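Numbering (the working numbering), first residue to last: 28 to 246. Glycine included, every Cβ here is placed at the ideal spot set by N, Cα and C. For clarity, every value in this text was computed on a predicted model and none was experimentally measured. Here the structure comes first, spelled out in structure tokens, and everything after it is commentary.
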Ligand SMILES: Cc1cc2nc3c(=O)[nH]c(=O)nc-3n(C[C@H](O)[C@H](O)[C@H](O)COP(=O)(O)OP(=O)(O)OC[C@H]3O[C@@H](n4cnc5c(N)ncnc54)[C@H](O)[C@@H]3O)c2cc1C
């Protein structure tokens with residue numbers, strides 16, 4: 028989307044590898060580590076995508092804000108209509124959350140050992156496609172039919188948002204990575220009920236404080 032078909036001028040190529048042999052002195056890492064090397068490079072690339080996306084979301088948001096403050100329909104500014112206010116509020120909240128997620132991810136990369144940011148990078152990858160999509164969608168809607176023309180940058184942003192859900196791995200794969208990374212910090216229980224089961228916790232608390240409860244005559 029967005030490539031100029033009439034000029035046969037695509038930006039990405041199909042590449043087919045046939046019987047490729049890599050000379051020993053051209054191997055990055057060691058034999059079998061190619062995917063690892065690619066992932067290390069892509070991690071930084073994904074954060075760059077996220078940083079750029081913060082800026083693009085802000086641009087779409089700024090357009091939306093200007094429009095609701097400028098356009099009057101049915102006797103009042105769009106900014107006075109509650110559904111439009113909801114667009115503004117949801118977009119501002121999502122953008123701020125996303126910006127802080129990207130900042131935290133960059134902070135982890137800067138301050139912690141290589142690989143520590145893996146889960147956060149995947150979080151950024153998932154969040155950027157959705158938040159960019161949602162904010163651009165609202166910005167288009169706020170601009171009415173002008174929003175879907177080529178006279179505004181929004182149509183280009185829209186196709187970019189769809190690409191972000193695919194480039195450097197589809198959203199689904201990054202969600203799997205987030206779930207795997209997050210679950211590493213948890214342990215299963217071998218009891219029938221989960222650890223927050225209230226009757227079980229109450230019984231344990233009563234057993235722990237039995238002497239005190241007896242002293243004060245509490246059953
Ligand atoms: C703008 C752009 C730039 C790109 N740049 C690069 C680049 O620089 N280098 C590069 O190597 N590649 C690049 N890609 C390719 C991109 O990484 C792949 O398109 C992407 O990983 C999806 O692979 P695929 O197109 O083969 O789709 P498929 O693998 O056929 O997947 C199709 C769909 O199936 C679903 N799916 C796939 N796998 C799973 C899974 N494990 N679990 C659940 N659902 C799944 C997803 O919805 C996915 O979109 C780029 C793509 C775009 C759009």
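I'd like to confirm the pairing. Which residues does DSSP put opposite residue 146 in its beta bridges? Position 119 of the chain shown, counting from 1, holds the residue named residue 146. Looking at the DSSP output, residue 146 shares a beta bridge with no other residue.
Evaluate the contact criterion for the segment 167-184 versus the segment 224-237: three or more CB pairs, one atom per stretch, below 8 Å. Contact between the segment 167-184 and the segment 224-237 is absent, because fewer than three Cβ pairs lie under 8 Å.
Compare the Cα-Cα distances from residue 71 to each of 237, 143, 246 and report the closest residue. Working through the chain shown from its first residue, we reach residue 71 at position 44. Nearest of 237, 143, 246 to residue 71, Cα basis: 143.
What are the complete alpha helix (DSSP H) segments, minimum 4 residues, inside the segment 169-195? Annotation note: the segment 169-195 contains the following uninterrupted alpha helix (DSSP H) runs of length 4 or greater, listed N- to C-terminal: 181-191.
In its own chain, which residues sit with a C-beta less than 8 Å from the C-beta of residue 181, not counting the 5 before and 5 after it? Within the chain shown, numbered from 1, the residue matching residue 181 stands at position 154. By the criterion of a C-beta distance shorter than 8 Å, residue 181 is surrounded in its chain by 87, 90, 163, 166, 167, 170, 174, 175, once the five residues flanking it on both sides are discounted.
DSSP has residue 55 in a bridge; who is on the other side? On the chain shown, position 28 is the one that residue 55 refers to. Beta-bridge pairing links residue 55 to no other residue.
Measure the Cβ-Cβ separation of residue 106 and residue 151 and say whether it is below 7 Å. Locating residue 106 in the chain shown gives position 79, counting from the first residue. Locating residue 151 in the chain shown gives position 124, counting from the first residue. Against a cut-off of 7 Å, the Cβ pair of residue 151 and residue 106 comes out as no contact.
State the beta-bridge partners of residue 100 as determined by DSSP. Numbered from its first residue, the chain shown carries residue 100 at position 73. Per DSSP, the beta-bridge partners of residue 100 are 103.
Distance, Cα to Cα, residue 153 vs residue 234? Within the chain shown, the letter at position 126 stands for residue 153. Within the chain shown, the letter at position 207 stands for residue 234. Taking the CA atoms as reference points, residue 153 sits about 46 Å from residue 234.
Neighbourhood of residue 52 by C-beta, 8 Å cutoff - its chain only, sequence neighbours within 5 removed: As a working mapping, residue 52 is identified with position 25 in the chain shown. Close CB contacts of residue 52 within its chain, under the 8 Å cut and outside five residues either way in sequence, are absent.
Taking the alpha helix (DSSP H) that residue 198 belongs to, which residues open and close that run? As a working note, residue 198 is residue 171 in the chain shown. First-last of the alpha helix (DSSP H) with residue 198: 198-210.
Taking the C-alpha atoms as reference points, what is the distance between residue 136 and residue 179? To locate residue 136, count along the chain shown from 1; it is residue 109. To locate residue 179, count along the chain shown from 1; it is residue 152. Taking C-alpha positions only, residue 136 is separated from residue 179 by approximately 36 Å.
The alpha helix (DSSP H) that contains residue 218, what's its start and end? As a first step, residue 218 must be located in the chain shown, where it is residue number 191. Per DSSP, residue 218 belongs to no alpha helix (DSSP H) and is neither H nor E.
Where residue 93 falls: helix, strand or coil (DSSP): Working through the chain shown from its first residue, we reach residue 93 at position 66. Here residue 93 sits in helix by DSSP.
Applying the criterion that 16 or more other CB atoms from any shown protein chain within 10 Å of the CB defines a buried residue, is residue 211 buried or exposed? Along the chain shown, read from residue 1 onward, the residue named residue 211 stands at position 184. Residue 211 should be labelled exposed.
Who sits around ligand 1, taking every residue whose Cβ is closer than 6 Å to one of its heavy atoms? Any residue whose Cβ sits closer than 6 Å to a heavy atom of ligand 1 makes the list: 39, 190, 193, 194, 195, 196, 197, 199, 200.
Taking 7 Å as the limit between beta carbons, can you name the residues of its chain near residue 130, skipping five residues before and five after? Locating residue 130 in the chain shown gives position 103, where the first residue counts as 1. Residues of the same chain with their beta carbon placed closer than 7 Å to that of residue 130 are lacking, with the five preceding and five following residues left out of the count.
Take residue 216 and list the residues in its own chain whose beta-carbon comes closer than 6 Å to its own, dropping the five residues that flank it on each side. Residue 216 sits at position 189 when you count from the first residue of the chain shown. Closer than 6 Å at Cβ, skipping near neighbours: 222.
Looking at the structure shown, is residue 214 part of a helix, part of a strand, or coil, going by DSSP? Here residue 214 is taken as the residue at index 187 of the chain shown, counted from 1. Looking at residue 214 - three-state DSSP - the assignment turns out to be coil, as it is neither helix nor strand.
Contact check, residue 155 vs residue 80, beta carbons under 7 Å: Position 128 of the chain shown holds residue 155. Position 53 of the chain shown holds residue 80. Cβ distance < 7 Å, so residue 155 and residue 80 count as in contact.
Out of curiosity, what's the CA-to-CA distance linking residue 48 and residue 191? Looking up residue 48 in the chain shown gives position 21. Looking up residue 191 in the chain shown gives position 164. Distance from the CA of residue 48 to the CA of residue 191, rounded to the nearest whole angstrom, comes to 32 Å.
Between the beta-carbon of residue 69 and the beta-carbon of residue 183, is there less than 7 Å? Within the chain shown, numbered from 1, the residue matching residue 69 stands at position 42. Within the chain shown, numbered from 1, the residue matching residue 183 stands at position 156. No Cβ-Cβ contact shorter than 7 Å links residue 69 with residue 183.
Do the CB positions of residue 149 and residue 201 come within less than 7 Å of each other? By 1-based counting over the chain shown, the position of residue 149 is 122. By 1-based counting over the chain shown, the position of residue 201 is 174. Yes. Within cutoff.
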